[in-house]
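Numbering-wise, the sequence shown is residues 1378 to 1673 according to our numbering. Backbone N, C-alpha and C define an ideal beta-carbon position, used for all residues, glycine too. The model shown is predicted, which means the values in this text are computed figures rather than measured ones.
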Amino acid sequence: MAVAGHRAALGDSRGHPVVIIGYDAAVSAAHGARITVINGDERDLLLRVARREGVMVSDTFSRRFGLGPGDTVFLSTPDGERGFPILAVVLDYSVDLGTVVLDASAYREFWGDASVTSYEVWAAPDEDPRALRQRVSERIGYAVPVLTSRDMRAEFDGQLDHAMSIAYATELASGVIALFSVVNFIVVATHDRRREIALWGAIGTSRRTIERILHCEACLVGGLGGLFGVLLGGVTSYLVVRGAVPLVSGWWLEYRFPGSAALLAVPITIAVAAVSAVLPARRAARLPLVEALGTL
């Protein structure tokens, strides 16, 4: 078992509030802690932070102040302003003020603050994380929340799902409306072409062949509509995730195209179009020739 203590506190960077994190980089690096690097060299990043070669800043901080790797961030300490080289810009969703992450030993030395905000505990390879959590809770008291990494991710996922519930409902409503639109298009298009379809029958085309032609046309329309929807939705979602979200919240989100959902979208629209064309195609193919040719 290994323990790393981290400290998060509100700090100041030339008159602007920022969050300063004293991070136990050496212990974290030794146990495979993963940091998502957006800009900068990620090789041995935590070890370089532990050696006090520089600091990491969050993506929100980088956009807010226009600073990145190679620049220097100036922080106010009890002994005056001190500059720290920026090694990398990393992904961080904790706060929108922007965070500066330096080694915990440097934070204790420059700020004279030995307190700890949170502890990160790594279980031994053969140790049950839940049993370790129980022992830690019994040791420090149940008033202090102790979560496994899996529980913490589940908590975050639950909060995100709750926040996105309205968006999911809107997505479902949009999907239902789109499917009804496909059905309506097929029905109306088939009805408006009764005269043309009757001419097919007049030149000897069988009813079964006419139904197949209309089914193929419906599937083609559904497939093209589904493909266009996937392409347009992919472009729009990319612009929202990479453009609108950082602009509104200051957070940089990783964009992942929902490939499985996109692959299902086209077959679903084709199937809906094919089903919606069954009755209109059958009725159009069996429409009396005189009645159909008399339709304007």
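For H1592, there is no enclosing beta strand (DSSP E); the enclosing alpha helix (DSSP H) has its first and last residue at R1584 to L1616.
DSSP places G1636 inside the alpha helix (DSSP H), whose first and last residues are G1636 to S1653. The continuous stretches of alpha helix (DSSP H) do not include G1399, which lies in the beta strand (DSSP E) extending over residues H1393 to Y1400. For I1463, the pairing in a beta bridge is given by DSSP as V1432. Counted as a single uninterrupted DSSP element, the alpha helix (DSSP H) harbouring S1551 occupies residues S1542 to D1569.
The DSSP assignment places 1481-1488 as complete runs of the alpha helix (DSSP H) inside the segment 1455-1513, in order along the chain (cut-off: 4 residues). For the set A1385, A1465, R1441 and V1493, the Cα lying nearest the Cα of S1471 is the one of A1385. Setting aside the 5 residues that flank it on each side, T1449 is surrounded in the same chain by G1460, F1461, P1462 and I1463, each with a C-beta closer than 8 Å to its C-beta; the list follows chain order.
Looking at the DSSP output, G1382 sits in a beta bridge with Y1496. Burial check for V1466: the Cβ neighbour count within 10 Å reaches 16 or more, so the residue is buried.
By the criterion of a C-beta distance shorter than 6 Å, D1469 is surrounded in its chain by S1435 and T1476, once the five residues flanking it on both sides are discounted. If you draw a straight line from the Cα of H1568 to the Cα of L1591, it comes to about 11 Å.
For the pair S1653 and V1560, the CB atoms are nearer than the 8 Å cut-off.
For V1414, the enclosing beta strand (DSSP E) covers residues V1414 to G1417. Looking at the backbone, the Cα of I1647 and that of G1603 are separated by about 8 Å.
For A1427, the enclosing alpha helix (DSSP H) starts and ends at L1422 to A1427.
Residue state for V1404 is assigned as helix, using DSSP reduced to three classes. Counting only the Cα atoms, T1494 lies some 49 Å from I1554. Taking 8 Å as the cut-off, the Cβ atoms of Y1496 and I1397 do not count as close. Of all alpha-carbon atoms in P1644, T1454 and A1508, the one lying nearest the alpha-carbon of L1597 is that of P1644. Here the segment 1602-1616 makes contact with the segment 1628-1641; the two share three or more CB pairs at distances below 8 Å.
Taking 8 Å as the cut-off, the beta carbon of A1531 is found no closer than this to the beta carbon of I1563. Between G1489 and the set S1583, E1419 and G1399, the nearest pair of CA atoms involves G1399. Taking 8 Å as the cut-off, the Cβ atoms of N1416 and P1394 do not count as close.
L1422 and V1380 have their C-alpha atoms spaced approximately 20 Å apart.
The beta carbon of D1503 lies closer than 7 Å to none in the same chain, with the five residues before and after it left out.
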